[in-house]
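For reference, the structure is listed below as structure tokens.
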Amino acid sequence: ISILFGYENGSFHNEVTYEFGNGSNSLVAADLNNDNILDIVVTGSNGHYVNILFGNRNGSFQSPNKYQVGVKPTDVIAADFNNDSRLDLGLTNTGEN
Numbered sequence: 107i108s109i110l111f112g113y114e115n116g117s118f119h120n121e122v123t124y125e126f127g128n129g130s131n132s133l134v135a136a137d138l139n140n141d142n143i144l145d146i147v148v149t150g151s152n153g154h155y156v157n158i159l160f161g162n163r164n165g166s167f168q169s170p171n172k173y174q175v176g177v178k179p180t181d182v183i184a185a186d187f188n189n190d191s192r193l194d195l196g197l198t199n200t201g202e203n
């Protein structure tokens, strides 16, 4: 994935890239660990994993944490599905659901 951080004047810094080795289909930004810093969830176009990059206070992101999900995840959404005041992830897959 590529991230372009914005300047106050509406222009952008050069891209910062994060490689996953298997392509990506979709991403969502949300504060998953309740530290008031956005994290990024990325679905891969091959395999059966979702990658989570936890955000740092300086705007960078940690190395991806890989979690196993269904085959070929395509889309992801972050929401509190079970009403416990913590974000959960919902994914769709092309290989299986």
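Heads up: the sequence shown at position 65 corresponds to 171 in the numbering used here, and the numbers run straight through without jumps. For every residue, glycine included, the Cβ atom is placed at its ideal position computed from N, Cα and C. Bear in mind the structure is a predicted one, so any value in this text is a computation, not a measurement.
Those residues which DSSP pairs with residue 194 across a bridge: 185
Buried or exposed: where does residue 200 fall if 16 or more other Cβ atoms within 10 Å of its Cβ makes it buried? exposed
Mind checking who residue 168 pairs with in its DSSP beta bridge? For residue 168, which the question treats as bridged, DSSP gives no partner whatsoever.
Quick check: what's the CA-CA separation for residue 129 versus residue 161? 21 Å
Backbone CA spacing between residue 153 and residue 166 [nearest angstrom]: 26 Å
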